[in-house]
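The sequence shown begins at 12 in the working numbering and counts up one residue at a time.
Every residue, glycine too, gets a C-beta built ideally from N, C-alpha and C.
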Amino acid sequence: DVYVTDKSGRPVSGLSREDFELRVDGRPVEITNFLAVAAPPPPELRVATLEERRESLQVRAVVPPGA
Numbered sequence: 012d013v014y015v016t017d018k019s020g021r022p023v024s025g026l027s028r029e030d031f032e033l034r035v036d037g038r039p040v041e042i043t044n045f046l047a048v049a050a051p052p053p054p055e056l057r058v059a060t061l062e063e064r065r066e067s068l069q070v071r072a073v074v075p076p077g078a
C-alpha cells in the first residue's frame, strides 16, 4: 500500500498509475494493479496547555474534535 500526502499531511488526490514508478533492485517493474481510494482529511486537533506556577507543573492535553 502507498499513501500519498502533501507537506501538511493531507491526502493527495487525482493520482493515476502513470504518476508512480516502482523499482526493485534499481530496475523498473510494471505496476499491474492500481486502485486510487479517496481518503478523508485528517481530523483537526486542538491542544490545550495548562500551567500551575506554584509547583512548576505543566500539562499538555490533546482535545479530540467535537469536544
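- Per DSSP, the continuous beta strand (DSSP E) segment holding Pro39 begins and ends at Arg38 to Val40.
- Looking from the CA of Glu32, the closest CA among Ser24, Arg21, Pro22 and Asn44 belongs to Asn44.
- A straight line joining the alpha-carbon of Val13 with that of Pro39 spans about 17 Å.
- The DSSP-derived three-state label of Arg34 is strand.
- Between the alpha carbons of Pro22 and Thr16 lies a gap of roughly 4 Å.
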